[in-house]
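S.K.: In the numbering used here, the protein residues as written are 83 to 378.
Quick reminder that beta carbons are idealized off the backbone N, C-alpha and C, glycines included.
Mind having a look at this structure? Questions to follow.
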Amino acid sequence: MNKVAVLLAVYNGRTWIDEQLESILVQTGVIVDVFISIDLSNDGSWEYLTEKYNNFKNIFFLPYGDKYGSAGKNFYRLVMDVNFDGYDYISFADQDDIWYENKLQRAINAIASKQVDAYSSNVLAFWEDGRTCLIDKAQPQTLFDYYFEAAGPGCTYVFSNKLGTAFREFLLSNELARSVSLHDWLLYAYARTHNYNWYIDSIPGMKYRQHSSNQVGANISYKMWVKRIKLVNSGWYRKEVFTIITLFKTEYRPLCNISNKRAFKTNLMLIPVVSNLRRRMRDKMVLGVLLILNLF
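Following this line, the structure appears as structure tokens:
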């Protein structure tokens, strides 16, 4: 059976971590080891988890005490510190979701059958009041989508040892890369710009919990849309795009001209090619409007 290293980032995670871990440990058709990095927490996550799971032979805790401040930096720590030798695949995991028992096996089968290096998928968002909603990220990949978005939620990512090891070396040698806020976006951009093939599955492999503490949640409510627009208007999104373009050079002129400061002229140059910058039609239209209004 294939052996998978699951990288699990935790911060104040006591509330739902047991449910998440249980769904990982019962994965079928694979051998799983779980590596847990706990950001400095105030809910007793370290004490609770190390006491309860200390005797599990396939759960390993990275040293505790540092403050990373974001899920992205915590995942970078996991990628850089975990030894991938002996593992066929690497997977990311959040602290509060529920995996279907065939999540990893389905991903590995897809990687093999599609002859790709990495996998992500749609998710089924769910709320405590019983509501559910399919989050569709499986639209066809475009020429430059990786400069503007991830390949879906990072908790769906499964990727080969070869890609994981290369990404690890990239992070270790590149301080600017470690400044990118979203680890899943960075990995997708790295893979696409280094000739690794990626498959996005339309079938969800997990339930994606929605709650007030989500760092990045499902973008489906009016409040979430307003939050995202404010984030774009603050300059955060443009800065992230600029950093990724700086890391992964392109000779495509409209992208080369993007700076980390808003500029109407460069925004206008992007409008004719906006269909190549995002996957979903709605997102292409929204980005087009943001470019026209000079909000990007």
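What separation, rounded to the nearest whole angstrom, lies between the Cα atoms of S173 and W98?
M.R.: Locating residue 173 in the sequence shown gives position 91, counting from the first residue. Locating residue 98 in the sequence shown gives position 16, counting from the first residue. Approximately 19 angstroms between the Cα atoms of the pair.
S.K.: Just list the beta strand (DSSP E) runs in the stretch 136-178, keeping only unbroken ones of 3 residues or longer that don't cross its boundaries, in chain order.
M.R.: If we require 3 residues or more, the beta strand (DSSP E) runs fully inside the stretch 136-178 come out as 141-143 and 171-175.
S.K.: Is T97 helix, strand or coil when you go by DSSP?
M.R.: Here residue 97 corresponds to residue number 15 of the sequence shown, with the count starting at 1. Coil at T97, not helix or strand.
S.K.: Look up A192 in the DSSP assignment and give the residues it is bridged to.
M.R.: Here the question's residue 192 lines up with position 110 in the sequence shown. Its beta-bridge partners do not exist; DSSP assigns none.
S.K.: Compute the distance between the beta-carbons of L352 and L377, then report whether it is under 8 angstroms.
M.R.: Position 270 of the sequence shown, counted from the start, is the residue given in the question as residue 352. Position 295 of the sequence shown, counted from the start, is the residue given in the question as residue 377. Cβ atoms of L352 and L377: not closer than 8 angstroms.
S.K.: If you reduce the DSSP assignment to three classes, tell me which class G349 lands in.
M.R.: Residue 349 sits at position 267 when you count from the first residue of the sequence shown. According to the sequence shown, residue 349 is Asn rather than Gly. Helix.
S.K.: Hey, V86 and D170 are a contact pair by Cβ (cut 8 angstroms); roughly how many whole angstroms apart?
M.R.: Position 4 of the sequence shown, counting from 1, holds the residue named residue 86. Position 88 of the sequence shown, counting from 1, holds the residue named residue 170. About 7 angstroms separates the two Cβ atoms, so the contact holds.
S.K.: Would you list the one or two residues that DSSP bridges to T214?
M.R.: Position 132 of the sequence shown holds residue 214. DSSP output for T214 lists F208 as bridge partner(s).
S.K.: For I326, which of R335, K312, N342 and I311 has the nearest alpha-carbon?
M.R.: Here residue 326 refers to the residue found at position 244 of the sequence shown. Nearest of R335, K312, N342 and I311 to I326, Cα basis: N342.
S.K.: What residue range is occupied by the uninterrupted beta strand (DSSP E) comprising F117?
M.R.: The count along the sequence shown starts at 1 and reaches residue 117 at position 35. Its beta strand (DSSP E) spans residues V112 to I120.
S.K.: Quick one: what's N256 bridged to in DSSP?
M.R.: Start at 1 with the first residue of the sequence shown, and residue 256 comes out as number 174. Beta-bridge pairing links N256 to no other residue.
S.K.: Taking just the CA atoms, how far does K185 sit from S105?
M.R.: In the sequence shown, the residue the question calls residue 105 occupies position 23. In the sequence shown, the residue the question calls residue 185 occupies position 103. Between S105 and K185, the C-alpha separation is close to 10 angstroms.
S.K.: Starting from Y201, follow its DSSP beta bridges and name the residues at the other end.
M.R.: Walking along the sequence shown from the start, residue 201 turns up at place 119. For Y201, which the question treats as bridged, DSSP gives the partners V240 and Y281.
S.K.: Going by alpha carbons, who is nearest to R291 out of Y319, T247, D283 and I217?
M.R.: Residue mapping note: residue 291 aligns to position 209 of the sequence shown, counting from 1. Cα-wise, what sits closest to R291 is I217.
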